[in-house]
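This report refers to the structure that appears directly beneath it.
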Amino acid sequence: MSILEFLDYAGVAVFAATGALAASRKHLDVIGYIFFASVTGIGGGTLRDLVLGATPVFWIENPLYLLVCTGSAMVVYLSARRMESRYRFLVWLDAVGLSAYCVMGAAKGLAATGSATVALVTGVLTATCGGILRDLLAGEPSVLMRPEIYVTAALIGAGVFTGLTLFEVPMIFASALGVISAFCVRGGALKYGWTLPVGDPRPPRHPDDVL
Amino acid sequence: MSILEFLDYAGVAVFAATGALAASRKHLDVIGYIFFASVTGIGGGTLRDLVLGATPVFWIENPLYLLVCTGSAMVVYLSARRMESRYRFLVWLDAVGLSAYCVMGAAKGLAATGSATVALVTGVLTATCGGILRDLLAGEPSVLMRPEIYVTAALIGAGVFTGLTLFEVPMIFASALGVISAFCVRGGALKYGWTLPVGDPRPPRHPDDVL
Amino acid sequence: MSILEFLDYAGVAVFAATGALAASRKHLDVIGYIFFASVTGIGGGTLRDLVLGATPVFWIENPLYLLVCTGSAMVVYLSARRMESRYRFLVWLDAVGLSAYCVMGAAKGLAATGSATVALVTGVLTATCGGILRDLLAGEPSVLMRPEIYVTAALIGAGVFTGLTLFEVPMIFASALGVISAFCVRGGALKYGWTLPVGDPRPPRHPDDVL
């Protein structure tokens with residue numbers, strides 16, 4: 002198993018676990034856990050494959066990914082009661098998944114097109130869309146809307162991987178450094194509340210006030 | 002017209018009607034009814050075709066589906082005022098659509114890949130995504146979040162169809178039994194409030210408490 | 002550059018700006034502006050290309066679109082503070098984008114399939130989906146739910162373009178008249194509150210009352 006395959010399964014498994022934790026917060030049944038785990042685990046990669054035209058998408062070609070999601074869901078189903086804070090666990094797992102998936106997504110985009118710009122975008126897309134879908138379907142405020150650095154961490158991880166690969170650094174080092182960069186940035190943001198400056202801090206007016 | 006074609010049009014028509022009922026609840030105009038009817042009617046099948054790589058998707062190949070959605074929207078537009086409860090009608094129609102579409106989706110997934118796992122997933126996907134999209138776009142709490150059995154009914158319908166087909170039961174019996182199983186499970190859940198046990202009943206904490 | 006190429010870049014740029022304005026209203030950082038600008042700018046066209054099977058999608062084939070989105074995001078990031086009402090600016094820009102994109106989407110659908118029905122649908126889809134995605138991801142009430150005419154304007158623009166093209170009116174006139182029709186309808190709706198009659202004005206009941 003290459004490092005990219007390992008990152009792929011690791012990303013699916015931890016994103017799936019965050020989906021199952023969202024299902025737990027919403028008091029769903031076991032099938033709800035599996036449904037949310039699958040949508041979150043394979044959502045980002047599905048969108049990546051669709052825009053690249055790599056269809057049938059990866060989990061149709063290899064249903065093992067679905068079993069990984071189901072397994073993650075079962076582990077969470079059986080253990081969530083023992084967690085002190087499901088949400089804290091969710092956001093930290095999401096950080097691990099983001100770090101694995103921004104490199105995976107960039108690698109697939111780079112392999113498919115040779116374009117560094119596309120690699121950055123597919124890296125960010127793959128890393129963020131599973132979590133965005135999870136929050137949308139659960140009706141929770143999107144992780145995108147929180148002030149701590151999120152998309153930026155995926156962009157940095159994808160950028161480090163893509164840059165090193167273009168300089169012909171071996172795949173294993175480029176991947177590892179990409180994952181570590183993304184995780185340090187996102188983890189630091191979670192732990193120390195790192196943010197970037199906001200563009201315009203005025204409160205939004207209500208739509209009805211202004212038409 | 003084969004039983005699968007019949008289920009396909011029936012699924013589109015009844016899901017379209019649920020979309021139009023959501024439009025009615027939101028006080029939209031006639032174009033809004035048609036828009037919601039179309040998104041709900043063809044949304045699940047569109048996602049199924051995209052992940053299978055069966056593009057252009059079914060309603061581009063055969064625009065008759067769009068006319069079915071428009072027709073359903075018009076019927077609801079002209080008759081919704083006479084309904085006692087639009088929401089109750091919506092969820093029961095949704096149950097009919099779910100039952101038709103879990104079999105249709107499983108049949109397409111099985112025909113395209115031969116994999117029973119894929120058939121279960123495309124069955125569930127096709128059956129649930131139209132309703133999920135409808136609720137998301139209407140800004141209503143997702144039917145996924147309600148306690149009564151929902152995804153499970155689609156999984157059972159897809160499983161009965163796929164299992165019987167793999168044992169070479171003729172298509173018409175496998176389809177009919179799949180539809181009936183799904184409808185009995187979902188209908189019973191609606192009527193008697195059937196649920197499966199939840200994994201972890203602790204209330205969710207607010208995200209801001211725990212970071 | 003043909004008129005369709007011009008409309009394409011113009012649609013991407015103005016939709017991207019509306020995404021950046023939504024990011025501004027949500028107090029995101031500069032990467033958040035670029036993320037929202039890109040999702041809104043290329044979202045509708047991405048869905049159009051996916052359902053038509055035109056993959057890899059347009060911005061993978063030509064990453065210049067992503068630079069246009071980034072540029073729009075930067076302009077908004079640097080200037081939003083000086084705007085009196087970001088939301089009013091957002092809805093008017095959205096009207097411009099809608100008008101450009103309903104024609105672009107209809108042109109692509111017509112070229113790919115020759116079907117007028119498909120052209121209408123891809124026109125509406127391309128014109129509305131970027132804004133729908135933007136509102137969904139930002140957690141704002143969807144522009145679809147507002148009473149003023151919206152989807153109808155896209156449908157009229159796509160219809161004018163498609164009808165004139167089928168009567169062999171030269172592309173430049175058909176395009177210009179399509180854009181102008183859509184903009185007049187949407188602009189009039191914004192300025193004068195134009196609406197179409199609603200189907201059923203009864204308030205929705207709460208889902209829990211009726212199951």
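Protein chains in written order, with this note's numbering: chain A, 2 to 212; chain B, 2 to 212; chain C, 2 to 212.
Yeah, the Cβ is synthetic: ideal placement off N, Cα and C, and Gly gets one too.
Can you tell me whether residue i is helix, strand or coil according to DSSP?
{"i": "D50 (chain C)", "result": "helix"}
{"i": "V199 (chain C)", "result": "strand"}
For residue i, is the classification buried or exposed, using 16 other Cβ atoms within 10 angstroms of its Cβ as the cut-off for buried?
{"i": "K192 (chain A)", "result": "exposed"}
{"i": "F168 (chain A)", "result": "exposed"}
{"i": "P205 (chain C)", "result": "buried"}
{"i": "I61 (chain C)", "result": "buried"}
{"i": "R83 (chain C)", "result": "exposed"}
{"i": "R203 (chain A)", "result": "exposed"}
{"i": "L68 (chain C)", "result": "exposed"}
Output the distance between the C-alpha atoms of residue i and residue j, rounded to the nearest integer angstrom.
{"i": "L138 (chain C)", "j": "R89 (chain A)", "result": "22 Å"}
{"i": "C70 (chain C)", "j": "G160 (chain C)", "result": "28 Å"}
{"i": "W116 (chain A)", "j": "R87 (chain A)", "result": "First, the residue type needs correcting, since residue 116 (chain A) is Ser and not Trp in the sequence shown. So the alpha carbons of these two residues sit roughly 39 Å apart."}
{"i": "R187 (chain C)", "j": "I150 (chain C)", "result": "6 Å"}
{"i": "V119 (chain A)", "j": "A24 (chain C)", "result": "23 Å"}
{"i": "A96 (chain B)", "j": "T56 (chain B)", "result": "28 Å"}
{"i": "A112 (chain A)", "j": "F174 (chain A)", "result": "17 Å"}
{"i": "A17 (chain A)", "j": "V76 (chain A)", "result": "10 Å"}
{"i": "F59 (chain C)", "j": "F59 (chain B)", "result": "21 Å"}
{"i": "G194 (chain A)", "j": "F36 (chain C)", "result": "20 Å"}
{"i": "V147 (chain A)", "j": "L94 (chain B)", "result": "Correcting the residue identity first, residue 147 (chain A) is Arg in this sequence and not Val. Going from the Cα of R147 (chain A) to the Cα of L94 (chain B) covers about 38 Å."}
{"i": "A190 (chain A)", "j": "L197 (chain A)", "result": "10 Å"}
{"i": "G20 (chain C)", "j": "H28 (chain C)", "result": "12 Å"}
{"i": "G131 (chain B)", "j": "L91 (chain B)", "result": "13 Å"}
{"i": "L165 (chain C)", "j": "I181 (chain C)", "result": "13 Å"}
{"i": "P171 (chain B)", "j": "P171 (chain C)", "result": "55 Å"}
{"i": "G72 (chain B)", "j": "G54 (chain C)", "result": "27 Å"}
{"i": "C185 (chain A)", "j": "C185 (chain B)", "result": "51 Å"}
Please go through the same chain and pick out, in chain order, the residues whose beta-carbon is closer than 6 Å to the beta-carbon of residue i, but skip the five residues on each side of it.
{"i": "Y78 (chain A)", "result": "V31, Y34"}
{"i": "L134 (chain A)", "result": "V40, G44"}
{"i": "G110 (chain A)", "result": "V119, A120, T123"}
{"i": "G42 (chain B)", "result": "V13, F16, A17, C70"}
{"i": "A74 (chain B)", "result": "A21, Y34, I35, A38"}
{"i": "G179 (chain B)", "result": "V104, G158, V161, F162"}
Based on Cα-Cα distance, which residue from the options lies nearest to residue i?
{"i": "A155 (chain C)", "options": "C:I133, C:R135, C:L126", "result": "C:L126"}
{"i": "D136 (chain C)", "options": "A:S143, A:G98, A:G46, A:L178", "result": "A:S143"}
{"i": "T114 (chain A)", "options": "A:T163, A:C130, A:M84, A:L145", "result": "A:T163"}
{"i": "E141 (chain C)", "options": "C:V15, C:L22, C:R49, C:L48", "result": "C:L22"}
{"i": "L65 (chain A)", "options": "A:A38, A:G46, A:Y10", "result": "A:Y10"}
{"i": "N63 (chain B)", "options": "B:T19, B:P171, B:G46, B:K27", "result": "B:G46"}
{"i": "G200 (chain B)", "options": "A:A81, A:A38, A:G42", "result": "A:A81"}
{"i": "R26 (chain B)", "options": "B:E85, B:M172, B:G54, B:P171", "result": "B:E85"}
Which residues in the same chain have their Cβ closer than 8 Å to the Cβ of residue i, if we skip the five residues on either side of it in sequence?
{"i": "V152 (chain A)", "result": "V125, T129, L145"}
{"i": "S176 (chain A)", "result": "I4, L5, L8, V104, A108, F162"}
{"i": "V52 (chain C)", "result": "T123, L126"}
{"i": "L48 (chain C)", "result": "L126, T127, C130"}
Between which residues of its own chain and residue i is the CB-CB distance below 7 Å, once the five residues before and five after are set aside?
{"i": "G12 (chain B)", "result": "G98, A101, Y102, M105"}
{"i": "A183 (chain B)", "result": "L99, S100, C103, A154, A155, I157, G158"}
{"i": "D50 (chain B)", "result": "T56, V58, F59"}
Could you check whether the Cβ of residue i sits closer than 6 Å to any heavy atom belonging to the ligand HEM?
{"i": "L51 (chain A)", "result": "Absence of the ligand HEM from the depicted structure is noted, as is the absence of any ligand whatsoever, leaving it without description."}
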